[in-house]
Amino acid sequence: TKSFAANLDQILILIAAEPEFSSSQLSRALIAAEAEHITPIIALNKSDLVEPFARAWAWLRPYRQMHYGVLPLSLKQSGDADRAELLKLLHGKTTLVLGPSGAGKSTLINLLAPGALAQTGEISQALNSGKHTTTSTTWYWVDADKTTALIDSPGFQEFGLNHIDPAQLAAYMPDFKPHVANCKFYNCSHLHEPGCGVMAAVKPDGSPDGISANRYKIYSDLYAELSQRRKY
C-alpha cells in the first residue's frame, strides 16, 4: 500500500483514454485524498484518440458531477497548450503526480520540468498496460524560483486506506454524502439495512443523477476489504 507524501497541496491523477483506466484505483486515490483533505485534480490524456476518449470522458461523468476538476489533455499532440493550462493549476503549489503505466506521466513531467528527463515508456500492447518506468519517488522544481514543485511517484498501486474505518468510508465519497442523511439508522452501513438512503439513490450507470451502480460496487467492495483487514 502507499500513503501520500507530506506537505502536499494537491494531487494530479493522470489517466488516459488508452490503456483503459481502473475506476476502482481512481476511486481509491480520491478517497485517500479526501481522507487527508488534499485537493485532487483528474486529468484525462490522449484526447486525440477520439472514440476511446469519448468513452473515457463519459465514464468520468460521475466524477465531474461530484465537482472534481477533470482536465482534458493531449500531451503528445498539443503539449504547449496543455503545458500553459497545467502551469496555471500547479503554480505555487506542491503537486503529487499519480497515474497508471501508459497514461503519459513521464511525458507530463518532461513537459512541465524539462530538466527532468523522466524516462518515457511505450505501452505494452500485449497487456494493454504500460511498462512501469518510475521506480522511486522524485521531486522536481518546475520554476527557477522554486515555488512550484512536482512529486513523481511510481506506479498507481493500491493506496493505504487501512487507517480508514469502514463506517467512515461513505463520508469520503462526495456522491454518497447527500444521501447518508436520508438513512433510517444513524449507523447504517449502506449495504443491507431497510430505509437506506444510499441504496435508494443507486441508479444504472449513465443516469444523470443519484449514485452510479459502478461507484456503489466500488464502495461495497472497499467496505468488505477494510472490514476484513480490521479483523487482523
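Reading the sequence shown from the start, the letters are residues 365 to 596 in this note's numbering.
Quick reminder that beta carbons are idealized off the backbone N, C-alpha and C, glycines included.
It should be emphasised that the depicted structure is a prediction, and the values quoted were computed from it without experimental measurement.
Worksheet item: How many Å lie between PRO383 and HIS543 at the Cα?
Response: 33 Å
Discussion item. If you follow the beta strand (DSSP E) that SER426 is in, where does it begin and where does it stop?
Written reply: According to the sequence provided, residue 426 is Pro. The question's Ser does not apply to it. Premise fails: PRO426 lies in the alpha helix (DSSP H), 425-429, not in any beta strand (DSSP E).
Practice prompt. Look at ASP539 and ILE582 and say whether their C-beta atoms are less than 8 Å apart.
Written response: Taking 8 Å as the Cβ cut-off, ASP539 and ILE582 do not qualify as a contacting pair.
Practice prompt. Would you grab the beta carbon distance between LEU475 and ARG447 for me? Rounded to a whole angstrom, and I think it's under 8 Å.
Written response: 5 Å
Practice prompt. Could you tell me whether the Cβ atoms of LYS469 and VAL461 are closer together than 8 Å?
Written response: yes
Worksheet item: Can you give the beta carbon distance from GLY570 to ASN546, rounded, assuming they're within the 8 Å contact cut?
Response: Wrong, their Cβ atoms sit about 23 Å apart, outside the cutoff.
Discussion item. Here's a check: name, in chain order, each residue in its chain whose Cβ is nearer than 6 Å to the Cβ of THR484, leaving out the five neighbours to either side.
Written reply: Unreliable placement is indicated for THR484, whose pLDDT of 44 sits below 50; the coordinate value is still reported in the next sentence. Answer for THR484: SER470 and THR471, listed in chain order.
Worksheet entry | Bridge partner(s) assigned by DSSP for THR501 | Its beta-bridge partners do not exist; DSSP assigns none.
Fill in: Integer-rounded CB distance, given that LEU437 should sit under 8 Å from SER465
Rounded, the Cβ-Cβ distance is 17 Å, inconsistent with contact.
Discussion item. Mapping the DSSP letters down to three states, classify ASP585 as helix, strand or coil.
Written reply: helix
Worksheet item: Is DSSP giving LEU472 helix, strand or coil here?
Response: helix
Worksheet item: Can you give the beta carbon distance from GLN441 to PRO404, rounded, assuming they're within the 8 Å contact cut?
Response: Not confirmed; about 25 Å, so no contact.
Item to complete: Run the CB neighbour count on THR512, radius 10 Å, all protein chains shown included, and call it buried at 16 or more, exposed below.
Response: buried
Worksheet item: So LEU533 and LEU590 are in contact, right, with Cβ under 8 Å, and what is the actual spacing, rounded?
Response: 7 Å
Discussion item. What does the alpha-carbon distance come out to for the pair LEU432 and PRO558?
Written reply: Looking at the sequence provided, one finds Tyr at residue 432 rather than Leu. Cα to Cα, the separation comes out at about 31 Å.
Item to complete: Please say whether ALA467 and PHE417 have beta carbons closer to each other than 8 Å?
Response: no
Worksheet item: In chain order, what residues of the same chain have a beta carbon less than 7 Å from the beta carbon of MET563, not counting five sequence neighbours either side?
Response: HIS554
Item to complete: Output yes or no for whether 8 Å exceeds the beta carbon distance between GLU449 and TYR536.
Response: no
Fill in: Presumed contact (8 Å Cβ cut-off) between ILE377 and ILE406, rounded CB distance
5 Å
Worksheet item: Taking the continuous beta strand (DSSP E) assigned at ALA508, which residues delimit it?
Response: No beta strand (DSSP E) holds ALA508; DSSP gives it neither H nor E.
Fill in: Counterpart residues of ALA513 in DSSP-defined beta bridges
In the DSSP output, where bridge partners are listed per residue, ALA513 has THR458 and TRP505.
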